[in-house]
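**Student:** Have a look at this one.
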Amino acid sequence: MWSTVEIFQFICLNIAASFFIYFNLLNVLKRGENKIFWGFYIGFLVFNCIWFLGIYFIDFVIWKYSWGTFAWIRYGFLTISVLQLTICLIFDKNAQKNFGFQLKT
1 MWSTVEIFQF
11 ICLNIAASFF
21 IYFNLLNVLK
31 RGENKIFWGF
41 YIGFLVFNCI
51 WFLGIYFIDF
61 VIWKYSWGTF
71 AWIRYGFLTI
81 SVLQLTICLI
91 FDKNAQKNFG
101 FQLKT
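Under the UniProt record's numbering, think of the first position of the sequence shown as 1, with each following residue one higher.
See below:
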């Protein structure tokens with residue numbers, strides 16, 4: 001039986017994974033002027049799709065273990081995705097435009 005905290009974490013991780021899939025897909029479809037990051041976005045799109053499917057696999061196939069056993073996998077993916085988002089927002093002008101701002105360089 002899942003506790004309220006586990007259900008909340010599951011929902012939040014699904015929202016985060018969906019956001020990162022959307023962000024990468026949006027930047028793959030809008031290649032724009034900076035084609036260097038295009039391969040980077042494709043790689044992270046695949047990475048985040050694996051993460052999204054992995055959340056369900058870990059929670060519903062390997063459900064007999066405690067939530068904390070696989071926490072490092074869940075939050076490891078989240079940490080890597082947040083770092084990817086930060087790098088893209090700093091260096092890729094197209095990603096900055098998608099979020100409605102542009103850093104002065």
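We put the beta carbon where it would ideally sit given N, CA and C, even for glycine. It should be emphasised that the depicted structure is a prediction, and the values quoted were computed from it without experimental measurement.
Assuming I58 and I73 form a contact by the criterion Cβ under 8 Å, report the distance between their Cβ atoms to the nearest whole angstrom.
**Tutor:** Their Cβ separation, rounded to whole angstroms, is 7 Å, which keeps I58 and I73 in contact under 8 Å.
**Student:** Does S81 come out as helix, strand or coil in the three-state DSSP assignment?
**Tutor:** Residue state, collapsed to three classes: helix.
**Student:** Just curious, the alpha helix (DSSP H) that S18 is in, first and last residue?
**Tutor:** Counting along the chain, the alpha helix (DSSP H) containing S18 begins and ends at T4 to L29.
**Student:** Can we say the stretch 13 to 25 touches the stretch 46 to 55, given the rule of at least three CB pairs closer than 8 Å?
**Tutor:** Output reads yes: the stretch 46 to 55 touches the stretch 13 to 25.
**Student:** Give me, in chain order, the residues of the same chain whose beta-carbon lies closer than 6 Å to that of C88; leave out the 5 immediate sequence neighbours on both sides.
**Tutor:** For C88, where only same-chain residues beyond five positions count, the Cβ hits under 6 Å are A95.
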